[in-house]
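One point on numbering: in the numbering used here, the residue at position 456 of the sequence shown is 865, and numbering is uninterrupted.
Don't be surprised by glycine CBs; every beta carbon is placed ideally from N, CA and C.
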Amino acid sequence: MSGQWIDSTRALFVVAVAIMASPVQAQNSDARAIQTGQMTPVGAAPATGTPDAARNRSPNSSNASPPATTHIRNASPRAGGPPGPDVPVVSEPSQGRPIFVKPGDTFIFIMRVSEKVSGDVGFFLVHGREPAVRVPLKPTTPPSFSEDYCTLVLQLPDETLPGLYDMEVRTASGNYSSRRSVRVVDQFKNRFRFVHLSDMNVGDLTAPEFDDMLPREINLLAPEFIVATGDFTEWARARDDAASWPRVLKYFEQFDAPVYMLCGEHDHEASFMRYVANKPIGTIDYGEYHGLLLLDHPGNPIEQDYGQIQWIEADLKKNRQRRFNFICTNSDELGLLDVWRETGDLARMVSDYKVRLILAGGASDWDLREFSAKLSGLGGLHFVRTHESSTSLRDRATGVSHYRVIDVDGDRLAYTYPSDDSIENLQHSIPAGRLRAFYDGPNDGSATRLVVTVQNALNQSFKDARLWLRVAKVGRQRPVVAPGVLVKAVDLDGYWACEVSVDLPDKGAVRVMAASEPGELPPPVPIEAELIGPRDWNFTAQTTSFGLSYYQANAPVTLRLTNRSGGRQTVWPVVRLNGQQLGLNPRSCPRLPLTLEGGKAVDLPLVLQARRVSPGMHELQVYFLEDPLCRLQKFEIQMGTGQGVAGLMDSVE
């Protein structure tokens, strides 16, 4: 099916190129042109086809400088008629096919025209978090038409604030938006994270609703983008429910990152191009990294879609210069590898095309066995399948929503969560519900200070998590934050919107304050912590006389506290590791709090006992109760045990 669609679209590309080869010829041959500097009514005689029939105009294909608003005449009588009340006006960029742009860039814009979208039309970006931030876009080409679609090239101002935006069309009859469809970045990174959301099957009795914990958690991690590989609903295809898509899109509006959406086996495919994207296939372009979004599920297996295979290979050939390419698919059966194995040298094709990752949906994390034979000899290719991203109980799903964080560092990938709750050998993803933010007041800019405590109960630390905090303005003073880094402060009417970067320790918490004036921030406790001794701690199982199981390491480790101030300080230190509080040797520290004279130091031997040990790298966290923000001083520790993982879990309560 999609092969026929792609072939017809390719033919329409040829027609479009012929029609739009010369803007001057277009102006002379029909009434579709807008004269430079004027808002001349736009006539009919559209080119034949879909939105793609007009999208090949280069951003530099015309020297015309149309005004900030463009005059759009009613759709041609030959057009398909006005869209339904819930059909998006904006076709591209769309919520399911967002784009990345930099300030000053141009991009292709396509919208549906109808009686409600005509006359003087303005184009804006509206900030996803702060709707008061509205960025006017400048059309750089006259509009061109293909049936009931209009195509323009729009340009961002050079001063556009980085962030995620809605694309908005403003007309006399109302405003029409494509939510969360444009991500403005000041630069592309080679070290970043993105997130995979797998099957959801909402509508199943065990998954009546989408899980709102996912956007709350994932927004804290600030991924560059999200890939959602389809099967959002359970019965939409079976019950021919086109109205399911607005509900799906409404849910994804909660994410503060662009979401690339695939159509799955259970989704309503017939209306995907009406609501989600103008094509069932697509691409992700993020700097040096390129992804392909496939239409590959049991109802449309890639092995039987010759047109799509041709498109995949042509696209990969064009993108060989990328750092690497990756493929996103609803199906986990690796049918594309079967095709390449039959038609040529599979290993060579994967290598030549720089395919490093295949990302697939499913009900459970990959067990490293299914379809593994298809990956034989492909050492540089990563196959990733993620557990259900909802509470749906299907196959081996647990009923707890999961998501996967994929860390990219140049050519390297990391994507397996170091789970300490499972004895199965799986490609673990992250269970939802263990990353939360607690605010001490409303985050609406009404107060001059705001404190948020971010709890990370996961067995993994995260660098550069992000918070969006609002504090009331006081004069011309810029806001301040502690701890963390103030990435940017947006000056809005009556308040500051602050983006704050913080590092989240594993199985710990961070407390952050944003304030309108520096004097509102409590000063840090002037005590410096130093860890003396080995950083590799090997724990062995122990049992008390009354049957309590615990673990103990015999490494000689001392915490040295030095008073860097000139005066006396009384402090109560707290030491945490792997979610547990470590004790101080009572012989050296019989009582807390401690009193330290100015410039003096004290050595406190640690008692390395824990009820639970999670082998791997962890952060020892030291803070003082006298600090209202509990600022952390952290030290990396390698925890190990003489037992295997199964034995470890069996002996833990």
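- Assigned with DSSP and collapsed to three states, GLN713 falls in helix.
- Here PHE641 carries a coil assignment [DSSP, helix/strand/coil].
- Unbroken alpha helix (DSSP H) stretches of 4 residues or longer found wholly inside the segment 978-1011: none.
- With a cutoff of 7 Å on beta-carbon distance, ALA898 and ARG879 are scored as not near each other.
- Taking a contact to require three or more Cβ pairs closer than 8 Å, the segment 870-890 and the segment 836-853 qualify as touching.
- With a cutoff of 7 Å on beta-carbon distance, SER653 and HIS675 are scored as not near each other.
- Contact between LEU623 and SER810 holds: CB atoms are separated by about 6 Å, below the 8 Å threshold.
- Contact between MET922 and ASN987 does not hold, since their C-beta atoms are separated by about 27 Å, which reaches or exceeds 8 Å.
- By DSSP's assignment, TYR669 forms a beta bridge with VAL636.
- Residue burial is scored here from C-beta neighbours: ARG646 has at least 16 other C-beta atoms within 10 angstroms and is therefore classed as buried.
- For THR807, the closest C-alpha among the options VAL685, ASP818, THR795 is that of THR795.
- The beta carbon of ALA856 sits closer than 7 Å to those of GLY850, VAL880, ALA881, all from its chain and outside the five residues before and after it, given in chain order.
- DSSP, read as helix, strand or coil, puts GLY770 in coil.
- Residue ranges of uninterrupted alpha helix (DSSP H) with 4 or more members are absent from the segment 823-847; none lies entirely inside it.
- Beyond the five residues adjoining it in sequence on each side, VAL657 comes within less than 6 Å, by CB distance, of PHE641 in the same chain, given in chain order.
- When DSSP reads this structure, SER503 sits in a beta bridge with ARG506.
- Relative to TYR715, the option among PHE597, LEU702, TYR695, LEU745 whose CA is nearest is LEU745.
- DSSP, read as helix, strand or coil, puts LEU970 in strand.
- In the DSSP assignment, THR692 falls within the beta strand (DSSP E) that extends over 691-695.
- GLY531 is the residue among THR515, GLY531, PHE518, LYS511 whose C-alpha sits nearest the C-alpha of HIS480.
- For the alpha helix (DSSP H) assignment, the uninterrupted runs of no fewer than 4 residues enclosed by the segment 743-807 are, from N- to C-terminal side, 744-752, 755-761.
- Judged by DSSP in its simplified three-state form, LYS727 adopts helix.
- In the three-state DSSP reduction, PRO707 falls in the coil class, being neither helix nor strand.
- VAL535 sits in a strand when the DSSP states are folded into three classes.
- In the DSSP assignment, GLU908 falls outside any alpha helix (DSSP H) and within the unbroken beta strand (DSSP E) covering 904-913.
- Counted as a single uninterrupted DSSP element, the alpha helix (DSSP H) harbouring VAL657 occupies residues 653-661.
- DSSP places ARG625 inside the alpha helix (DSSP H), whose first and last residues are 622-630.
- Inter-segment contact for the segment 913-921 and the segment 889-896 is present: three or more beta-carbon pairs are separated by less than 8 Å.
- Its chain contains TYR826, PRO827, ASP915 as the residues whose beta carbon lies nearer than 7 Å to that of GLN869, once the 5 sequence neighbours on both sides are disregarded; these appear in chain order.
- Note on geometry: alpha-carbon atoms of PRO552 and PHE518 lie some 10 Å from one another.
- Per DSSP, the unbroken alpha helix (DSSP H) holding PHE681 starts and ends at 681-684.
- In the three-state scheme derived from DSSP, where H, G and I count as helix and E and B as strand, GLN1042 is classed as strand.
- In this structure, DSSP gives GLN719 a helical state, which the three-state scheme calls helix.
- The C-beta distance from ARG843 to LEU859 rounds to 23 Å, too long to fall under 8 Å, and the pair is not in contact.
- Secondary structure of GLY700 (DSSP, three-state): strand.
- By the neighbour-count criterion, in which 16 or more other beta carbons inside 10 Å mark a residue as buried, PRO840 falls on the buried side.
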